[in-house]
Structure formats: C-alpha cells, structure tokens
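In the working numbering, the protein residues as written are 75 to 251.
In what follows, a structure is listed as structure tokens, so that the remarks can point back to it.
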Amino acid sequence: MINAIDETIYNLIFKLLSTPTTFIMTFISHLGSATILILICIILYILLKDKKMALIIMLNLAIVYLLNVIIKMIIARPRPDILRLVYETGYSFPSGHAMVGTGFYGFLIYIANKKIKNKALRRCITILLTLLIFLIGISRIYLGVHYATDIIGAFIIGIIYLVIFINILKKNSIIAN
Numbered sequence: 075m076i077n078a079i080d081e082t083i084y085n086l087i088f089k090l091l092s093t094p095t096t097f098i099m100t101f102i103s104h105l106g107s108a109t110i111l112i113l114i115c116i117i118l119y120i121l122l123k124d125k126k127m128a129l130i131i132m133l134n135l136a137i138v139y140l141l142n143v144i145i146k147m148i149i150a151r152p153r154p155d156i157l158r159l160v161y162e163t164g165y166s167f168p169s170g171h172a173m174v175g176t177g178f179y180g181f182l183i184y185i186a187n188k189k190i191k192n193k194a195l196r197r198c199i200t201i202l203l204t205l206l207i208f209l210i211g212i213s214r215i216y217l218g219v220h221y222a223t224d225i226i227g228a229f230i231i232g233i234i235y236l237v238i239f240i241n242i243l244k245k246n247s248i249i250a251n
C-alpha cells in the first residue's frame, strides 16, 4: 500500500516536470533548508525586540532538527532511485525539509497568532506559511529526493512535535497560554 501511495503521488507530481517548475520547486525547497532556516533565526534575533522569543524560535529549530536526525537514523529508509533533479545524501524518512519546516514555520504561525493584533495580517501570515510548508513537501517529491510517504510522515511528526513543544512551553510558563 505504501508503494502504491508513493507511486501514485509521484506520477501526479511528475506530470508537472518543466524547466520553470523545476526552478520554482528548487527555490521553494531551499526555504526548508538548514541554511535558510538558520538565516531566518538570525534575522529574527536581530529584528525582534523580544530576545527571549527569538531564542525560543532558535531552540525550536534545534530540537526539531535533532529529532529529525534521530528518526532518520532509526528508520534508515533509502532515498528513492527515481529521477533526481537535485543531489541529496542521507536517509529518506522522514523528510527533514518537510518535518523541520513544519516545526519551524508552524511555530512562527503560532507566534504570529499570539502576538499580532491585526486579524487580517495574522490570517495572511497563517495562510502563506501553511502554503509554504505544503509546497516544501511537494517540492521534495518533485525533485525526486523523497517518497510521498516521507513527506506525509514528516508532516505528521512535525505537527505532533509542534503540539508537544508548545504545550511544554505553556506548562512551564515560558510562553503565555
């Protein structure tokens, strides 16, 4: 059943193959890379007045990244041997870009909904970051470096992680309820 899901979704996404789509998918994929996420953390640290929140954002990124590495080592699923449009090493499950992106951008959604008073701006940020999380996952399948089930699993684990992380912060009064 897993192979059927992977093959069906890959075949649907692969129909989009074109030079412009590959450029766009590569760009979107980079938005889930460690380099970009660390850069965003640095920018947020510089821009945010609330340095404690900036440090919590960094801590969140570090924890979700380490969790992903541990799960990859335990599962040790090889990457697909289909057409790869970019080079990647390491194991396939769960997708680091999708899982870490879900944990990181999902936490930014949570913060935006807690801190931003303007309802329209909150809604816009929520929609854009949710779309980004989804597209990062799609980009990894499109680029041939992950199975669809790697992405689905990454989204599920990322959401579970995020709920636990936020609840720990609330329970310890690190962030307000």
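Glycine included, every Cβ here is placed at the ideal spot set by N, Cα and C.
Keep in mind the model is a prediction, meaning the values are calculated, not measured.
Between I112 and the set F208, L243, A136, the nearest pair of CA atoms involves A136. Within the same chain, Cβ atoms closer than 6 Å to the Cβ of I231 are found at P168, M173, the five residues on either side in sequence being excluded. When the alpha-carbon of L105 is set against those of I148, L122, H220, L206, the nearest one is in L206. Assignment of D155 by DSSP, reduced to helix, strand and coil, places it in the coil class. Residue nearest to H171 within the set A150, K189, I183, F208 is F208 (criterion: CA-CA distance). In this structure, K146 sits away from Y161, with a CB-CB distance that is not shorter than 7 Å.
When rounded, the separation of the alpha-carbon atoms in L243 and I249 is 6 Å. For R158, the number of other beta carbons within 10 angstroms of its own is below 16, and it is reported as exposed. Judged by DSSP secondary structure, A172 falls within the alpha helix (DSSP H) whose first and last residues are 170–189. An exposed status is given to C198, since fewer than 16 other beta-carbon atoms sit within 10 Å of its beta-carbon.
In this structure, the CA atom of V138 is about 32 Å from the CA atom of K89.
Selection M99, K125, I215, I226 evaluated against D155 yields I215 as nearest (Cα-Cα).
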